[in-house]
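Trainee: So that we are looking at the same thing, I have put the structure below in structure tokens.
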Amino acid sequence: MSGTSEGPTPAADLDRSAVTESDIHASPRTEPPTTRTGPPTYRSVFAAAPLAMAVVDREGLVVSANDGFGALFGSPPDQLAGRIAADLVDLASDARGWHAYLEVLRGREARLRCTRRLKQPDGRSVWAQVTVAPLPAVDDAVLMSVADISAHRELQAKVRHLQMHDPVTRLPNRTLFFERLTAALDAESYEEGGTGRVGLCYLDLDGFKAINDTLGHRVGDRLLAAVAERLTRCADEAGYGRAAAPLVARLGGDEFALLVRDSTGTEQLADLAESLLDAVQAPFDIAGRRLSVSASIGVVERLAAGTSPTALMQAADTTLYWAKADGKARWTLFDPERNAHRMTRQALASTLRPAVERGEFALEYQPLVGMEDGRLHGVEALVRWNHPQFGTLTPNRFIGLAEEDGSIVPLGRWVLRTACRQARRWQLDNPDEPPLFVSVNVAVRQVWDSDLVAEVADTLEETGLEPRLLQLELTESAVMGSAGRPLQTLQALSEMGVRIAIDDFGTGYSNLAYLSRLPVSVLKLDGSFVRGFQYENAEAAPNPADEVVVEAMIQLAHRLGLTVTAECVETPAQAARLRDIGCDTGQGWLYSRPVPPERIAELMGSRARGADQVVGNP
Ligand code: C2E
Ligand code: MG
Ligand code: MG
């Protein structure tokens with residue numbers, strides 16, 4: 271160990287750029303420190319330099335320190351000699367820094383630079399940048415210099431604060447929010463303990479734009495600041511008794527987010543969301559006015575593992591959208607099923623059109639059975655989508671979409687053609703049987719966007735099916751109020767000999783008298799009416815009046831020259847009552863579910879072999 275009370279060991283050359291690794295390795299350790307080799311001026315330069323410096327020997331002990339160094343540690347420089355340099359600047363506080371320091375002392379590394387927060391004797395703490403580097407041409411000592419970078423750090427912190435906060439509300443902004451969110455979802459943070467879950471309330475003010483537009487941005491800004499204050503209060507209350515309060519941030523415009531780290535479950539988030547709604551709903555007194563707003567909140571709560579900030583924000587965004595769509599001024603919890611439904615809707619919509627061309631659709635047929643004779647009279651064609659990804663889809667999943675994007679036109683054309691061809695096939699295969707009619711559903715858009723009359727005429731001609739064996743089902747809304755094109759279409763079809771049926775009758779606002787003036791010949795009574803008919807006697811039914819209404823409706827329909835088909839007949843009791851009140855035809859699970867065409871051929875065959883009823887006539 272070198273002498274401690276000896277003078278300092280100023281290097282002959284303090285130019286650090288001259289220090290290279292080869293210098294360190296090349297000079298073998300031979301002589302003790304050559305204390306008086308440099309010109310005396312260097313010693314005074316060292317002593318007076320404003321930068322705090324100390325010469326440290328290879329054992330890590332201070333050989334000599336300058337005044338700046340002494341001032342930093344509150345003691346005369348000569349009293350610092352012999353002290354362990356690393357302790358003075360807290361070098362052992364992190365393993366990596368400590369290792370690098372030892373390497374510099376051993377001459378294996380050229381330089382160490384690190385930042386430390388140092389407590390000064392007066393209790394003030396300073397940020398210090400510590401540099402340890404070899405002294406050129408001095409083999410057994412290194413130079414430690416300590417720069418006070420507190421002012422720089424403070425400025426940096428101020429700049430960062432400005433960059434990370436919103437000036438209007440003083441809340442953390444989007445950037446800081448995402449930084450915190452990313453940290454919360456980082457495996458290291460939740461594996462340390464805690465619940466391993468995160469929660470998010472994504473809040474948007476309802477009607478803020480109107481306030482901004484009518485009262486101006488200044489009032490708008492003050493309102494935002496007031497809202498921010500209330501949200502922060504809610505967060506503080508929610509954080510009471512917990513490790514940390516939720517982080518409140520303004521994401522932009524009138525959007526705020528509350529991040530709950532270590533959430534305990536949806537209940538905690540629901541309570542928070544509820545308190546936020548209450549807080550925002552109370553009126554605000556701003557600029558002499560009383561302002562009322564409400565908020566919509568999307569709430570997401572889940573395991574942190576496996577979630578990315580983007581996925582979480584997307585879920586929150588979708589959920590907020592639901593809250594708005596469901597009527598605003600409410601919070602909504604993320605529902606994976608609802609989300610999957612939305613995703614499949616999108617996925618389906620984008621693949622509908624090519625699916626028609628790829629032939630992914632198939633028809634099933636459901637028997638239409640005579641109520642009196644229990645025999646198979648016709649079938650309704652019902653389309654299915656054999657989706658390569660989602661399996662077999664029923665029409666409720668895609669007909670609406672197909673109507674929206676217009677692909678119902680090519681799809682409907684395919685259905686019509688396939689159904690007519692099939693009906694003709696059954697007829698040809700069973701020449702001794704009375705032929706079955708086929709009933710095909712037609713969407714409103716097909717009436718408007720395609721030349722339905724020409725298409726039907728072509729199809730009938732091409733397949734050889736007689737017009738009387740084709741029935742087209744349109745919904746009430748498609749037919750009601752029809753004037754112009756739809757009416758002309760219906761008339762032309764009817765003149766051709768094709769029958770028109772009103773599907774789901776009774777669900778709209780139909781006017782029977784009006785309907786009778788249209789070329790309509792069949793009413794398909796909606797399943798909701800039939801559901802009330804499952805009781806053996808009318809007295810036991812929850813609402814016997816239903817039955818009276820339906821009976822009157824059937825009588826009126828008959829008088830107007832229409833026949834009536836009941837949908838959704840599921841029980842023999844329903845069938846019996848429907849027959850008693852005069853219903854002509856039935857369709858439903860009691861007779862058969864929708865089935866592939868081969869099964870219909872079998873039913874026709876069994877009819878030919880003498881089993882004359884689809885089911886026993888009740
Ligand atoms: P819809 O025309 O009223 O067809 C009857 C629906 O009721 C069918 O559903 C059928 O499977 C179902 N159903 C039949 N019997 C019973 C029963 O006893 N109980 C119950 N609960 N339900 C029964 P599906 O096949 O899902 O069709 C739904 C709707 O999709 C159809 O209602 C129709 O409006 C539409 N649709 C089907 N195929 C086509 C098509 O090719 N083109 C158009 N535009 N729409 C179609
Ligand atoms: Mg139908
Ligand atoms: Mg129907």
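Residue numbers (our numbering): 271 to 888. Where is the CB? At the ideal position from N, CA and C, for every residue including glycine. Small disclaimer: the values here were computed from a predicted structure and weren't measured.
#1: So for ILE851, helix, strand or coil by DSSP?
#2: Is it right to say GLY576 is buried, meaning 16 or more other beta carbons lie within 10 angstroms of its own, or is it exposed?
#3: Let me know if SER743 comes out buried or exposed under the rule of 16 or more other beta-carbons within 10 Å of its beta-carbon.
#4: Give the straight-line distance between the Cα atoms of TRP397 and GLN433, rounded to the nearest whole angstrom.
#5: Taking 8 Å as the cut-off, decide whether the C-beta atoms of LEU832 and VAL839 are in contact.
#6: In angstroms with no decimal places, state the Cα-to-Cα distance between ASP596 and ALA549.
#7: Take ALA854 as the anchor and find which of GLU462, GLU837, ARG863, THR841 has the nearest alpha-carbon.
#8: Should CYS838 be counted as a contact of ligand 1 given a C-beta to heavy atom distance under 7 Å?
#9: Check whether the stretch 617–625 and the stretch 653–670 are in contact - that is, three or more C-beta pairs closer than 8 Å.
#10: Which class does ILE870 belong to by DSSP, given the choice of helix, strand or coil?
#11: Beta-carbon separation of VAL359 and VAL400 under 8 Å?
#12: Does any residue of chain C bring its CB to less than 8 Å from the CB of LYS594?
#13: What whole-angstrom Cβ distance do VAL717 and LEU740 have, given they're in contact under 8 Å?
#14: Do you know how far the Cα of ILE770 is from the Cα of VAL790?
#15: Name the two residues that bound the continuous beta strand (DSSP E) containing GLN390.
#16: Run through DSSP, which three-state label would ILE772 get?
#17: Consult DSSP for GLY344 and reduce its assignment to one of helix, strand or coil.
#18: Is it right to say PRO701 is buried, meaning 16 or more other beta carbons lie within 10 angstroms of its own, or is it exposed?
#19: For the beta strand (DSSP E) containing LEU740, name the first residue and the last one.
#20: Give the single residue among THR536, SER747, ALA552 whose Cα lies nearest to the Cα of TYR784.
#21: Just how far apart, CA to CA, sit ILE567 and VAL712?
#22: Contact defined as beta carbons within less than 8 Å: I believe HIS435 pairs with ASN443. What is the distance between those atoms, to the nearest angstrom?
#23: Shorter than 7 Å, the distance from the beta carbon of ASP532 to the closest heavy atom of ligand 2, or not?
#24: Express the C-alpha separation of PHE478 and LEU485 in angstroms, rounding to a whole number.
#25: Which runs of the beta strand (DSSP E), 3 residues or longer, sit entirely within the stretch 627–687?
#26: Say whether the stretch 445–461 touches the stretch 498–516, bearing in mind that this needs 3 or more beta-carbon pairs closer than 8 Å, one atom from each stretch.
#27: So what's VAL710 in DSSP terms, helix, strand or just coil?
#28: Can you check whether the CB of ASP476 is closer than 8 Å to the CB of LYS598?
#29: Pull the bridge partners of TYR472 from the DSSP assignment, please.
#30: Is it true that the CB of THR602 sits closer than 8 Å to the CB of VAL563?
#31: Measuring alpha carbon to alpha carbon, tell me which of GLY463, LEU451, ARG531, ARG488 ends up nearest SER578.
#32: Can you tell me which of ARG423, ARG572, PHE448, ARG715 puts its alpha carbon nearest to the alpha carbon of GLY535?
#33: What's the gap between the Cα of ASP327 and the Cα of ARG423?
#34: In the DSSP assignment, the beta strand (DSSP E) including ILE556 goes from what residue to what residue?
#35: With a CB to CB cut of under 6 Å and the five nearest residues on each side skipped, what residues in its chain are close to TRP592?
#36: Would GLU817 be called buried (16 or more neighbouring beta carbons within 10 Å of its own) or exposed?
Mentor: Taking the coordinates as given:
#1: Correct three-state label for ILE851: coil.
#2: Here GLY576 is exposed, its C-beta having fewer than 16 other C-beta atoms within 10 Å.
#3: Residue 743 is actually Glu in this sequence, not Ser. By the neighbour-count definition (other C-beta atoms within 10 Å, threshold 16), GLU743 is a buried residue.
#4: Their backbone Cα atoms lie some 22 Å apart in a straight line.
#5: Cβ atoms of LEU832 and VAL839: not closer than 8 Å.
#6: About 20 Å.
#7: Here residue 854 turns out to be Asp, not Ala, going by the sequence shown. Restricting attention to GLU462, GLU837, ARG863, THR841, the CA atom closest to the CA of ASP854 is found in GLU837.
#8: For ligand 1, at least one heavy atom lies less than 7 Å from the Cβ of CYS838.
#9: A contact is defined here as three or more CB-CB pairs under 8 Å, and the stretch 617–625 meets this definition with respect to the stretch 653–670.
#10: Per DSSP, reduced to three states, the secondary structure at ILE870 is helical.
#11: Yes. Within cutoff.
#12: In the structure shown, chain C does not exist; there is a single protein chain.
#13: VAL717 to LEU740, Cβ: 15 Å. No contact.
#14: Cα to Cα, VAL790 sits roughly 5 Å from ILE770.
#15: Counting along the chain, GLN390 falls outside any beta strand (DSSP E), and DSSP gives it neither H nor E.
#16: Three-state DSSP puts ILE772 in a strand.
#17: Coil, per DSSP.
#18: It is exposed - the Cβ of PRO701 has fewer than 16 other Cβ atoms within 10 Å.
#19: 740–745 is the span of the beta strand (DSSP E), which, as asked, contains LEU740.
#20: Measuring from the Cα of TYR784, the nearest candidate turns out to be SER747.
#21: Between the C-alpha atoms of ILE567 and VAL712 there is a straight-line separation of about 41 Å.
#22: Cβ-Cβ separation between HIS435 and ASN443: approximately 6 Å, consistent with a contact (criterion under 8 Å).
#23: Shortest gap from the CB of ASP532 to any heavy atom of ligand 2: 7 Å or more.
#24: So the alpha carbons of these two residues sit roughly 10 Å apart.
#25: Here the runs fully enclosed are 631–640, 646–657, 661–663.
#26: Taking one beta carbon from each stretch, the stretch 445–461 and the stretch 498–516 have fewer than 3 pairs nearer than 8 Å; the two do not touch.
#27: DSSP, reduced to helix, strand and coil, places VAL710 within a strand of the structure shown.
#28: Yes, these two residues count as a Cβ contact at 8 Å.
#29: According to DSSP, residue pairing for TYR472 in a beta bridge involves ALA527, GLY568.
#30: It is not a contact, given that the beta carbons lie outside the stated cut-off.
#31: It is LEU451 whose Cα lies nearest to the Cα of SER578.
#32: Comparing Cα positions, the closest option is ARG572.
#33: Looking at the two C-alpha atoms, the distance is approximately 30 Å.
#34: First-last of the beta strand (DSSP E) with ILE556: 554–556.
#35: Here the set comprises THR602.
#36: Buried: at least 16 other Cβ atoms inside 10 Å.
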